[in-house]
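The block underneath contains the structure these notes are about, expressed in structure tokens.
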Amino acid sequence: MCGGSYTERMDSGRIGKALGIGTRVFSKAVVHAVEQTAEKSANTARAQAAAAKAAPVVRDAAKQTAANTTATAKRAMRFGEAIWGPFVHLSGVVWLEAMGVLFAFVALFFSQSLWKHRTDIFLPPTDVLFQHYLVYIGSTGLFVYFAVSSFVRAERKSRRRR
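Residue numbers for the sequence shown follow my numbering, beginning at 446 and rising by one.
Have a look at this one:
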């Protein structure tokens, strides 16, 4: 009995008992896994059915939320336009008036030079001082035009509503 096969030393009762217990444990594990899988699929089916029933409700709620958000955004835009619009309108009018004052000051500067050199009108047309006098006349006229047109535009813009 020394050199026989390895099964000679085993008790056949112990082998059957071990195989039987292993088989029972394995079968219980398989049954448990199948039950869990069936339960998960049933839960998934119930969830899908509930989602199908809830889908119109969720869709309607999403539409309502989108409509509320759009209405709120439109109200915010109207509020922004109500605040920002008059500010932009007023700042445009003030800008035109400020430019009119600036042009008037430049025209005043050229008119002072024109007054200082008023006697140069009697010089011959080829004289440099006479030519400077003509430049002063042209510059004064140009900046008076700019000043007046700027004030006229400011007046028209102030009458106009956005």
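Glycine included, every Cβ here is placed at the ideal spot set by N, Cα and C. Predicted model only: the values in this text are computed from it and were never measured.
What residue range does the alpha helix (DSSP H) around residue i cover?
{"i": "residue 562", "result": "Run containing residue 562: none; DSSP gives neither H nor E here."}
{"i": "residue 587", "result": "573-604"}
Alpha carbon to alpha carbon, how far is residue j from residue i? Give it in angstroms, no decimals.
{"i": "residue 517", "j": "residue 527", "result": "15 Å"}
{"i": "residue 471", "j": "residue 482", "result": "16 Å"}
{"i": "residue 586", "j": "residue 552", "result": "7 Å"}
{"i": "residue 446", "j": "residue 469", "result": "Residue placement at residue 446 is flagged as unreliable, the pLDDT there being 49, under the threshold of 50; the coordinate-derived value follows with that caveat. Residue 446 and residue 469: Cα-Cα distance of roughly 34 Å."}
{"i": "residue 465", "j": "residue 507", "result": "59 Å"}
{"i": "residue 566", "j": "residue 588", "result": "21 Å"}
{"i": "residue 590", "j": "residue 543", "result": "15 Å"}
{"i": "residue 511", "j": "residue 604", "result": "40 Å"}
{"i": "residue 493", "j": "residue 505", "result": "18 Å"}
{"i": "residue 564", "j": "residue 549", "result": "24 Å"}
{"i": "residue 486", "j": "residue 473", "result": "20 Å"}
Does the beta-carbon distance from residue i to residue j come in below 8 Å?
{"i": "residue 602", "j": "residue 545", "result": "no"}
{"i": "residue 547", "j": "residue 599", "result": "no"}
{"i": "residue 574", "j": "residue 562", "result": "yes"}
{"i": "residue 555", "j": "residue 594", "result": "no"}
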